[in-house]
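A.B. asks: One structure follows; several queries about it will come next.
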Amino acid sequence: MTEEILKALMQLFGLTASLEGTSPQYRLLVENFLKEHLNSELSQKYLLIFEEYAKLRTVEVDEQGQKLTSMRVSSRMLVICTHINQELTQQQKIIVITRLIELIAADSLITDTELEFINTIASIFNIQRPELDNILHFVNLTRIENSFLENTLYI
Numbered sequence: 218m219t220e221e222i223l224k225a226l227m228q229l230f231g232l233t234a235s236l237e238g239t240s241p242q243y244r245l246l247v248e249n250f251l252k253e254h255l256n257s258e259l260s261q262k263y264l265l266i267f268e269e270y271a272k273l274r275t276v277e278v279d280e281q282g283q284k285l286t287s288m289r290v291s292s293r294m295l296v297i298c299t300h301i302n303q304e305l306t307q308q309q310k311i312i313v314i315t316r317l318i319e320l321i322a323a324d325s326l327i328t329d330t331e332l333e334f335i336n337t338i339a340s341i342f343n344i345q346r347p348e349l350d351n352i353l354h355f356v357n358l359t360r361i362e363n364s365f366l367e368n369t370l371y372i
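Shown next as structure tokens:
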């Protein structure tokens, strides 16, 4: 991946992490993603980009108390996804959307706002609904299995 694409991915990961408030788990997932692809010096550089975007206020509340993704964040996400869409192969886009879903599922809950965000990204990446549903189920099943394994006593 090019430097430009990695920067765009960190921005997208940061925006995604900021939807419902950041958690240390989000940072760890992104850090692991970066370590898979980069050396430790570059990982730190891109982790700072992620953290910068993760701090942005991305959700507003309307008069009825409904959470709304801010227009600024939505348009930024659209620009980033459009750029990524042109540069990545379909297989790489599947990996990106899977990582984004892992990121939002890290707190054991996928909110409507987060799901809407993922649906929009999947649409831009030309990922069909059945394929997205399979990825959502896969990430959820993997998370459940890992939780089960962590709480299992072997005799």
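When the sequence shown is numbered by my numbering, its final residue is 372 and no position is left out of the sequence of numbers.
Glycine is no exception: its CB is placed at the ideal position from the N, C-alpha and C atoms.
As the structure is a computational prediction, the values presented were derived from the model and not from experiment.
#1: Just to confirm, is the Cβ distance from Val169 to Leu305 under 8 angstroms?
#2: Val247: which of Glu348, Asn336, Ile321 sits nearest, CA to CA?
#3: Return the Cβ separation of Leu353 and Ile318 in integer angstroms, given the expectation that the two are a contact with Cβ distance under 8 angstroms.
#4: Alpha carbons only, please: which of Arg346, Cys298, Glu333 is nearest the one belonging to Lys224?
#5: Residues in its own chain within less than 6 angstroms of Ala271 by CB, not counting five upstream and five downstream?
#6: Report the CB separation of Ile341 from Asn302 in whole angstroms; it is logged as a contact under 8 angstroms.
#7: Below 8 angstroms between beta carbons: does that hold for Ala339 and Tyr243?
#8: Find out if the Cβ-Cβ distance for the pair Ile266, Gln228 is shorter than 8 angstroms.
#9: By the 10 Å Cβ neighbour count, where 16 or more other Cβ atoms means buried, how is Gly250 classified, buried or exposed?
#10: Can you tell me whether Glu220 is buried or exposed, with buried defined as 16 or more other CB within 10 angstroms of its CB?
#11: Can you tell me whether Phe355 is buried or exposed, with buried defined as 16 or more other CB within 10 angstroms of its CB?
#12: For Val290 and Thr337, I'd like the C-alpha separation in whole angstroms.
#13: Distance cutoff 8 angstroms, beta carbons only. Does Ile344 sit that close to anything in chain D?
C.D. replies: Per the coordinate set shown:
#1: Here the chain has residues from 218 to 372 only, and residue 169 is not among them.
#2: Ile321
#3: 6 angstroms
#4: Cys298
#5: Gly231, Ala234, Ser235, Thr239
#6: 6 angstroms
#7: no
#8: yes
#9: At residue 250 the sequence reads Phe, which differs from the Gly that was named. Burial call: buried.
#10: exposed
#11: exposed
#12: 13 angstroms
#13: The structure shown contains no chain D; it holds only a single protein chain.
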